[in-house]
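A quick write-up on the structure given underneath.
Numbering (the numbering used here), first residue to last: 1 to 406.
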């Protein structure tokens, strides 16, 4: 199927795929960088805070309070006040402690995020919550006994947050709960807005580049179209020229006259009519010297006169102006000659004409025209003989008539 797609479409699809791939990589890398940067910042802020916060919790007292939640417990009031005071010295949004009931269900024990009269943000002792949406770092802190930091989570009630959790240990070293510290991820939102802005700018330049690419492709296509049109015209002209050459060749082959071109050395060129071979009874005349073909046909003196005549035709620039074409033709020493076939010995009467041809660029040729006029000459001779015979018959008859009258 891909083989049927045009070259332009292949380039376009490749360009789109390449841009989309780069764009996707940029987006993924940008998101990873933003998330990684935000988590790193939060860890640098959260871990020191959570370490100090967990020091404020008495593990054994916390364990007893978790088993019997009572807001009137002196330890609860003391610990809540200490956590709140510490929280106000930090940049965290929420600072709280939780104890596990079962699975992902936990119970808030001491909330140091705000005062108890803040119903919107304070979690009273004993309040239960299923933390399955962000339970992984909490459970890891309780399982490993080490501080854990969550990824960036979006909680509808709180927005984007990153949380750090530390285990609360009793005197026996057992994990009895966790201290949680939530930081607002506003920096994440700001960084993400910056990334989106950069991506939009990149998209603008990608679209601009794609438009420039399409413009270049269309320009190339127009040039290709022009080249195709020129090629088609050239092919049509070539075909027309071939047809004309074929027609000329057919006409040349159909001629009964022996037409040929020879150069200044009297060499017969490739352009000669088929009738020439029949007239001279010689095949493959191209490259043969015309005067050599006549050495056995005419006397040496006449052959020399012929060569001088041909040289005169080649030297038209030196010809006297008084020599007209008719006068030049009369100078031809072989206007009419007897030609004996080298194969059969058949005798022919040939009429020979020669005309200079200038093809430009200093290329001079002589166009030769040989005609077999044997039949015409024999017929002419026969007519003369019959006329003479008829004349003799008439004279004889007249003599008889005159003799009878006497």
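Each residue gets a CB set at the ideal place from its N, CA and C atoms; glycine is no exception.
Annotation for residue 140: the continuous alpha helix (DSSP H) segment containing it runs 135-144. The three-state reading of DSSP puts residue 297 in coil, since its state is none of H, G, I, E or B. If you draw a straight line from the Cα of residue 349 to the Cα of residue 397, it is about 36 Å long. Using a Cβ distance threshold of 8 Å, residue 83 and residue 110 count as a contacting pair. Taking 8 Å as the cut-off, the beta carbon of residue 147 is found no closer than this to the beta carbon of residue 122.
In the DSSP annotation of this structure, the continuous segment of the alpha helix (DSSP H) that includes residue 279 starts and ends at 274-280.
Closest option to residue 265, judged by alpha-carbon separation, among 307, 124, 236 and 368: 307. Here residue 260 has 268, 272, 276 and 368 as same chain residues with Cβ atoms under 6 Å from its own Cβ, once five neighbours each way along the sequence are excluded.
Per DSSP, the continuous beta strand (DSSP E) segment holding residue 356 begins and ends at 347-358.
With a cut-off of 8 Å on Cβ pairs, the segment 167-186 is in contact with the segment 88-95, counting three or more such pairs. Relative to residue 132, the option among 150, 116 and 325 whose CA is nearest is 150. Rounded to whole angstroms, the gap between the alpha carbons of residue 74 and residue 160 is 35 Å. Annotated three-state conformation of residue 127 is coil, per DSSP. For residue 59, the uninterrupted alpha helix (DSSP H) run begins and ends at 59-67, by DSSP. Comparing alpha-carbon positions, the option among 343, 175, 257 and 179 lying closest to residue 60 turns out to be 175.
Annotation for residue 355: 367 place their beta carbon closer than 6 Å to its own, counting only its chain and skipping 5 residues before and after. Spanning the alpha carbons of residue 341 and residue 399 requires a straight line of approximately 47 Å.
In this structure, residue 87 sits near residue 112, with a CB-CB distance shorter than 8 Å. By the Cβ neighbour-count rule, residue 236 is exposed, with fewer than 16 other Cβ atoms within 10 Å of its own. Residue state for residue 291 is assigned as helix, using DSSP reduced to three classes. Buried is the label assigned to residue 80, since at least 16 other Cβ atoms lie within 10 Å of its Cβ.
When rounded, the separation of the alpha-carbon atoms in residue 309 and residue 297 is 17 Å. Contact between residue 107 and residue 127 holds: CB atoms are separated by about 7 Å, below the 8 Å threshold. The segment 322-333 makes no contact with the segment 220-228, as fewer than three CB pairs between them are under 8 Å. Residue 183: member of the beta strand (DSSP E) spanning 175-184, first to last residue. If the five residues before and after residue 71 are omitted, its C-beta is found closer than 6 Å to the C-beta atoms of 125, all from its own chain and listed in chain order. In the DSSP assignment, residue 102 is bridged to 105. Per DSSP, the beta bridge partners of residue 260 are 272 and 368. Counting only residues of its own chain and dropping the five nearest sequence neighbours on each side, residue 338 has a CB closer than 7 Å to the CB of 347 and 349.
Annotation for residue 82: the continuous alpha helix (DSSP H) segment containing it runs 74-87. Residue 280 holds the alpha-carbon nearest to the alpha-carbon of residue 256 among 291, 280 and 144. In the DSSP assignment, residue 163 is bridged to 182. Residue burial annotation: residue 196 is exposed, with fewer than 16 other C-beta atoms found within 10 angstroms of its C-beta.
Judged by DSSP secondary structure, residue 329 falls within the alpha helix (DSSP H) whose first and last residues are 325-331. When the five nearest sequence neighbours on each side are left out, no beta carbon in the same chain lies closer than 8 Å to the beta carbon of residue 390. The three-state secondary structure of residue 169, taken from DSSP, is strand.
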